[in-house]
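Numbering (my numbering), first residue to last: 1136 to 1371.
(1) Got a sec? Which residues, its chain only, sit under 6 Å from residue 1230 by beta carbon, not counting five neighbours each side?
(2) Could you tell me the boundaries of the alpha helix (DSSP H) in which residue 1229 lies?
(3) Give the DSSP-derived three-state secondary structure of residue 1199 in the structure shown.
(4) Just list the alpha helix (DSSP H) runs in the stretch 1219-1274, keeping only unbroken ones of 4 residues or longer that don't cross its boundaries, in chain order.
(5) Kindly indicate which three-state DSSP category residue 1157 falls into: helix, strand or coil?
(6) Taking three-plus beta-carbon pairs below 8 Å as touching, is the stretch 1138-1154 in contact with the stretch 1301-1315?
(7) To which residues of the same chain is residue 1184 closer than 8 Å at the C-beta, ignoring the five residues directly before and after it?
(8) State the beta-bridge partners of residue 1323 as determined by DSSP.
(9) Can you check DSSP and say which residues form a bridge with residue 1342?
(10) Whose C-beta lies closer than 6 Å to the C-beta of residue 1092 among residues of the same chain, with five residues either side of it excluded?
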């Protein structure tokens, strides 16, 4: 198993946010994590990435316990995170943003160029704007840059937190295509989204959270046909 959470509990101060979350992601699989606002989806990703330390349970990556491991160590191990606020370097150029994902031991200049060429092939708009400051890109282009920077790490799994939030429909379609490309490249994805149709379209399996717990788990195909569950937990 690529990533496994078992009975994970997480607090923010005295607030008990995750009340025993369990889920798993297999190699090369796209797994959706759905739920209304405030149910703990983003906290789940932050707990995986070591930004919030769980008070109980286990977080395992490729069988190894990683709870509380520093984010940069997880990145070097093959676990990438694209946060909801993207966190690009606004004053750096597109090229400079991408190269921050290449600064790791053993990376040759030839391999750096190879990865840059691959990313530019996937994201032609970034190739066109390689000398442009990240902060001057549109919201959709910044999201592409954030995902592309994660790809530079050659991750085994990417955690995507609300990648289509606030984007125009055309950009949402492009993000969908990027997720599909990553899936074809056998990169596992744990996708947190409010866009239910998109999540059901790109995911292999889906977990639904409510009040800090996973309340439902099914394949995307099963969930597409279960309108009662979608309405009960997601209100759509």
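In this text, a Cβ means the ideal position worked out from N, Cα and C, and glycines have one as well.
On a predicted model such as this, the values are computed, not experimentally measured, just so you know.
By the coordinates alone:
(1) When the five nearest sequence neighbours on each side are left out, the beta carbons in the same chain lying within less than 6 Å of the beta carbon of residue 1230 are those of 1265, in order along the chain.
(2) 1229-1234
(3) strand
(4) 1229-1234, 1244-1257, 1259-1263
(5) strand
(6) Too few Cβ pairs lie closer than 8 Å, so no.
(7) 1206, 1209, 1214, 1216, 1294
(8) 1292
(9) 1168, 1352
(10) The question about residue 1092 has no answer here: the residues shown for the chain are numbered 1136 through 1371.
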